[in-house]
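Quick notes on the structure that follows.
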Amino acid sequence: VGGNFGNMSRLTPEGYFITRTGSYLDAEPAELVLMPRNGRMTPGASSEWRVHTAVYNATEHEAVVHAHPQHAVALSLLYDTIRTVDSEGQLFASEIPVVEGACGSQALADAVADALCTSKVVIAKGHGTFAAGKSLDEAYLFTSLAEHCCKVLYLLKTMQ
164 VGGNFGNMSR
174 LTPEGYFITR
184 TGSYLDAEPA
194 ELVLMPRNGR
204 MTPGASSEWR
214 VHTAVYNATE
224 HEAVVHAHPQ
234 HAVALSLLYD
244 TIRTVDSEGQ
254 LFASEIPVVE
264 GACGSQALAD
274 AVADALCTSK
284 VVIAKGHGTF
294 AAGKSLDEAY
304 LFTSLAEHCC
314 KVLYLLKTMQ
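Residues 164 to 323 (the working numbering) are what the sequence shown spells out, left to right.
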């Protein structure tokens, strides 16, 4: 997945751990903040904490990864839905939804959480992906697969 910045979180019985603002995707334990699920922000938490809270409150997912893969971001500016065109993509998902909302906003949080009720990954238009699953590894896998699908579609479109 291109781009190092983003954020990730993991559900716990006490709430969820989320990376701090400005952390890399390979964050160390010291860069994690414990957040409650009641919608109150813990100082230092990622600016996308609203999205993570909304996803955990609306779904059964236990982990969320947010990244900024270049092909996914680029295609989200052209399409409202990314249709997968290759065999690997088709096994993953027939389409990837694109949602809108300002970074860090409740509108984005609601749109992402709604999409992740039925999808493994969603792209925030012009911003990046949010993927969710049973573990951080699974959510990261969905992030990687989404970028793969977007890259294949991009390459196909440039050759036509």
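Glycine included, C-beta positions come from ideal geometry on N, C-alpha and C. Note that this is a predicted model, so its numbers are computed, not measured.
The beta carbon of VAL315 is closer than 7 Å to those of VAL248, ASP249, GLY252 in its chain, skipping five residues each way along the sequence.
According to the DSSP secondary-structure assignment, GLY296 is paired through a beta bridge with ALA226. Bounds of any alpha helix (DSSP H) do not take in ALA265, whose DSSP letter is neither H nor E. Counted as a single uninterrupted DSSP element, the stretch harbouring ARG203 is not any alpha helix (DSSP H), since DSSP gives it neither H nor E.
In the three-state scheme derived from DSSP, where H, G and I count as helix and E and B as strand, PRO176 is classed as coil. Inter-segment contact for the segment 277 to 291 and the segment 258 to 269 is present: three or more beta-carbon pairs are separated by less than 8 Å. Inclusion of VAL227 and ALA274 in the CB contact set at 9 Å is not warranted, their separation being larger than that value.
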